[in-house]
Amino acid sequence: MRETKKTRREDVDLIVTLGGLTGRFDQIMASVETLFHATTITPVPVIIIQAGSLICLLQPGKHKLHVDTGFEGDWCGLVPVGHPCKQVTTTGLKWNLNEMFGGQPEWSIGTFKIPRKSKSKNMESHRIERNGLALTFIIRGNSYIPEAKDLFWYLNIANSVLMFGTLVSTSNTYDGSGVVTVETDHPLIWTMGIKDKPTE
Numbered sequence: 029m030r031e032t033k034k035t036r037r038e039d040v041d042l043i044v045t046l047g048g049l050t051g052r053f054d055q056i057m058a059s060v061e062t063l064f065h066a067t068t069i070t071p072v073p074v075i076i077i078q079a080g081s082l083i084c085l086l087q088p089g090k091h092k093l094h095v096d097t098g099f100e101g102d103w104c105g106l107v108p109v110g111h112p113c114k115q116v117t118t119t120g121l122k123w124n125l126n127e128m129f130g131g132q133p134e135w136s137i138g139t140f141k142i143p144r145k146s147k148s149k150n151m152e153s154h155r156i157e158r159n160g161l162a163l164t165f166i167i168r169g170n171s172y173i174p175e176a177k178d179l180f181w182y183l184n185i186a187n188s189v190l191m192f193g194t195l196v197s198t199s200n201t202y203d204g205s206g207v208v209t210v211e212t213d214h215p216l217i218w219t220m221g222i223k224d225k226p227t228e
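Right, here's the structure in full:
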């Protein structure tokens with residue numbers, strides 16, 4: 029790639045690499061690392077495609093991805109590699125990273141308050157599942173008190189912190205709008221399924 033940069037000067041919108049996403053896991057990770065190296069060699073976006081998968085590295089900032097070509101598969105994901113992504117917001121996904129319980133989480137120390145239809149003041153326990161994350165709450169009046177084991181996980185997903193050991197966005201999909209926007213504070217891998225033939 030370095031030699032190509034030195035000898036070829038014509039405008040290029042995108043560099044596509046075919047292969048590197050199947051077989052040995054260490055070699056797959058080497059392909060991911062190559063995406064990081066590529067940012068120091070060329071400003072042109074680089075994507076890797078193989079076996080129905082596509083990956084690219086989103087740099088810090090805002091990105092607009094058009095996912096309405098008909099070649100998209102039914103899954104996508106955002107994976108932090110090398111550094112936690114502490115500020116990530118998305119639109120256009122079925123499970124957006126800035127949304128949790130309607131996208132308006134209200135946290136205060138020890139309590140979680142959300143509207144509820146029941147006017148009962150009896151204390152009761154509820155389990156809520158969203159985005160593959162299960163949380164248990166004890167209801168006392170209009171206050172939802174999270175169990176201690178759930179507090180750490182909720183605070184991270186509510187603030188959209190992406191890091192291994194806490195949260196990664198895999199097995200996501202689209203909301204049908206045809207456009208996905210991603211804003212991130214650190215480099216972030218975008219991955220998606222692709223088809224050989226477009227959807228008719």
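Residue numbers are given in this note's numbering: position 143 of the sequence shown equals residue 171, and the series is strictly consecutive.
No residue lacks a Cβ here, since even glycine has one placed at the ideal position from N, Cα and C.
Quantities reported herein were computed from a predicted structural model and do not represent experimental measurements.
For histidine 111, does the three-state DSSP call read helix, strand or coil?
Along the sequence shown, read from residue 1 onward, the residue named residue 111 stands at position 83. Three-state DSSP puts histidine 111 in coil, outside helix and strand.
Residues bridged to isoleucine 69 (per DSSP)
As a first step, residue 69 is located in the sequence shown; it is residue number 41 there, counting from the start. Paired residues: none, contrary to the question.
I'd like to know if the stretch 65-77 and the stretch 192-210 are in contact, where contact means that at least 3 CB-CB pairs between them fall below 8 Å.
Contact fails: fewer than three Cβ-Cβ distances are below 8 Å.
Cβ shell of glycine 89 (< 8 Å), same chain only, five flanking positions each side left out
Residue 89 sits at position 61 when you count from the first residue of the sequence shown. Excluding five sequence positions before and after glycine 89, the CB atoms of its chain that fall closer than 8 Å to its own CB belong to Glu211 and Thr212, given in chain order.
Measuring alpha carbon to alpha carbon, tell me which of Gln115, Gly47, Thr209 and Asp39 ends up nearest glycine 80.
For this step, residue 80 is matched to residue 52 along the sequence shown. Among Gln115, Gly47, Thr209 and Asp39, the Cα nearest to that of glycine 80 is on Gly47.
Given glycine 101, which residues of its chain have a CB within under 7 Å of its CB, disregarding the five upstream and five downstream residues?
Taking the sequence shown and counting its residues from 1, one reaches residue 101 at position 73. Closer than 7 Å at Cβ, skipping near neighbours: Gly80, Met220, Gly221, Ile222 and Lys223.
If you scan the stretch 41-68 from start to end, which runs of the beta strand (DSSP E) of 3 or more residues do you find wholly inside it?
Fully contained in the stretch 41-68 are the following beta strand (DSSP E) runs of length 3 or more, in chain order: 43-46.
Helix, strand or coil for lysine 223, going by three-state DSSP, please let me know.
Indexing the sequence shown from 1 puts residue 223 at position 195. Correct three-state label for lysine 223: coil.
Quick one: Cα of histidine 111 to Cα of glycine 98, how far?
As a working mapping, residue 111 is identified with position 83 in the sequence shown. As a working mapping, residue 98 is identified with position 70 in the sequence shown. The alpha-carbon atoms of histidine 111 and glycine 98 are separated by roughly 33 Å.
So is the beta-carbon of aspartate 203 under 7 Å away from any non-hydrogen atom of the ligand PLP?
Because no ligand of any kind appears in the structure shown, any question about the ligand PLP cannot be addressed here.
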